[in-house]
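This report concerns only the one structure given below.
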Amino acid sequence: MRIAVIGAKGQVGWELARRAPLLGHEALAWDMAELDITDAVAVDRALAVSGADAVINAAAYTAVDKAEQEPELAFAVNRDGPAHLAAACNRLHIPLLHISTDYVYDGNKPSPYVEDDPVAPLGVYGQSKAEGDDAVLRLLPRHLILRVSWVFGIHGHNFVKTMLRLAQEREELRVVADQFGCPTYAGDIADTLLELAGRTAEIDASGAWGTYHYCGAPATTWHGFASAIIEQAPAVEVLRVQTITAITTADYPTPAARPANSVLDSSRLAFRFGIQPRRWRDGLHALLVASYAG
675 MRIAVIGAKG
685 QVGWELARRA
695 PLLGHEALAW
705 DMAELDITDA
715 VAVDRALAVS
725 GADAVINAAA
735 YTAVDKAEQE
745 PELAFAVNRD
755 GPAHLAAACN
765 RLHIPLLHIS
775 TDYVYDGNKP
785 SPYVEDDPVA
795 PLGVYGQSKA
805 EGDDAVLRLL
815 PRHLILRVSW
825 VFGIHGHNFV
835 KTMLRLAQER
845 EELRVVADQF
855 GCPTYAGDIA
865 DTLLELAGRT
875 AEIDASGAWG
885 TYHYCGAPAT
895 TWHGFASAII
905 EQAPAVEVLR
915 VQTITAITTA
925 DYPTPAARPA
935 NSVLDSSRLA
945 FRFGIQPRRW
955 RDGLHALLVA
965 SYAG
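Start counting at 1 in the sequence shown, then tack on 674, and there's your number in my numbering.
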């Protein structure tokens, strides 16, 4: 199967590009430098000659706080880009698998979010992603929207790498403990998307296109996640940190509001495809082993 991977230099896109050949797929890996998804004409031209059997969109503007100052760019990438991809895929009769986010929810629900819960984003990033999801849904029947949360991976910037860097510099880490979510390893997201891409004939037959949640298990807080990172850090890593102090969201104000609860229920994906959430601690271990190998 030939799969066009959009956003190939991001955390998930990088994993998609390197894992696809291992699963017998051919990956056409494009990042923004090779394909600007905000340019509808460029998207049409690239996909028309690609020979792709499916497209996976891992491209996104993910700077949550910066998006408050750059809304036009955030919407161009997160809303208009997916719309251009969906329209082109519809013309070419190929499916699109699109990555979305837990930040489309406001976090006020006391239990995990399911796919049918109404979206109510708190900031520009979440709103731009929600409108991108809506564009894909409207423009392309053969779509899978995969909402994920708290992504961390070997490649790129993420919370794990930030915590390890700060742990080398400081004796105390102050980490928010009243926001709940599900850390999710980029490699696991990539494996899930590639499996789904390889099952498009089955999805066509069952009519199982639509929106799904996928995240690591179990739910935790940023403080809990940080504690696990420091706990699992290899002995070869010299860390100064002595204390990880739990603080509130109010103690750490940011330009963009974050949902207090962004825990996602992944049971629909498990029921329809047999894909179970992986323990995020396993993904964390894989990242740490890869980062310090050699």
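Even for Gly, the Cβ is constructed at its ideal location relative to N, Cα and C.
How is residue i classed by DSSP in three states: helix, strand or coil?
| i | result |
| --- | --- |
| Val788 | coil |
| Gly855 | strand |
| Tyr886 | strand |
| Glu869 | helix |
| Val686 | helix |
| Arg844 | coil |
| Ala920 | strand |
| Ala860 | helix |
| Ala1009 | Residue 1009 is absent from the model: the chain starts at 675 and stops at 968. |
| Tyr966 | helix |
| Ala902 | helix |
| Ala879 | helix |
| Arg946 | helix |
| Ala930 | coil |
| Ala907 | coil |
| Arg839 | helix |
| Val915 | coil |
Where DSSP assigns a beta bridge to residue i, which residues make up the other side?
| i | result |
| --- | --- |
| Arg676 | Glu700 |
| Leu938 | Tyr787 |
| Thr874 | According to DSSP, Thr874 bridges with nothing at all. |
| Ala891 | Arg953 |
| Val850 | Ile921 |
So, for residue i: in the same chain, excluding its five sequence neighbours on each side, which residues have a beta-carbon less than 8 angstroms away from its beta-carbon?
| i | result |
| --- | --- |
| Arg942 | Val788, Glu789, Tyr886, His887 |
| Ala716 | Leu709, Asp710 |
| Lys783 | Asp791, Asn935 |
| Ala907 | Leu838, Ala841, Leu913, Leu962 |
| Gly827 | Gln685, Val686, Trp688, Glu689, Tyr859, Ala860, Gly861, Leu961 |
Can you list, in chain order, the residues of its chain whose CB lies under 7 angstroms from that of residue i, leaving out five sequence neighbours each side?
| i | result |
| --- | --- |
| Gly681 | Gly687, Asp705, Asn731, Ala732, Ala733, Ala734 |
| Ala900 | Met837, Leu847, Val849, Ile918 |
| Pro616 | Beyond the ends of the chain as shown, which are 675 and 968, falls residue 616; an answer cannot be given. |
| Val810 | Pro756, Ala760, Leu770, His772, His817, Ile819 |
| Ala902 | Arg955, Leu958 |
By Cβ distance below 6 angstroms, which residues in the same chain neighbour residue i in space, the five residues on each side in sequence not counted?
| i | result |
| --- | --- |
| Leu820 | Ile773, Tyr886, Tyr888 |
| Ala678 | Leu702, Ser724, Ala726, Val729 |
| Ala981 | There is simply no residue 981 to check, as the chain begins at 675 and stops at 968 in what is shown. |
| Ser802 | Ala748, Phe749, Asn752, Arg753 |
| Arg676 | Glu700, Gly725, Ala726, Asp727 |
Check your understanding: Should the stretch 921-935 be regarded as contacting the stretch 866-885, the criterion being three or more beta carbon pairs within less than 8 angstroms?
Key -> no
Exercise for review: Any chance you could list the beta strand (DSSP E) runs of at least 3 consecutive residues sitting entirely within the stretch 708-770, in chain order?
Suggested key: 728-731
Check your understanding: Counting pairs of beta carbons, one from the stretch 935-948 and one from the stretch 847-860, are three or more of them closer than 8 angstroms?
Key -> yes
Review point. Whole alpha helix (DSSP H) runs in the stretch 771-836 with 4 or more residues, listed along the chain?
Key: 798-813
Review point. Are the stretch 801-809 and the stretch 822-842 in contact at 8 angstroms, needing three or more beta carbon pairs?
Key: no
Exercise for review: Report yes or no: do three or more beta-carbon pairs, one from the stretch 765-780 and one from the stretch 723-738, lie closer than 8 angstroms?
Suggested key: Segment contact: the stretch 765-780 against the stretch 723-738, three or more CB-CB distances shorter than 8 angstroms; contact assigned.
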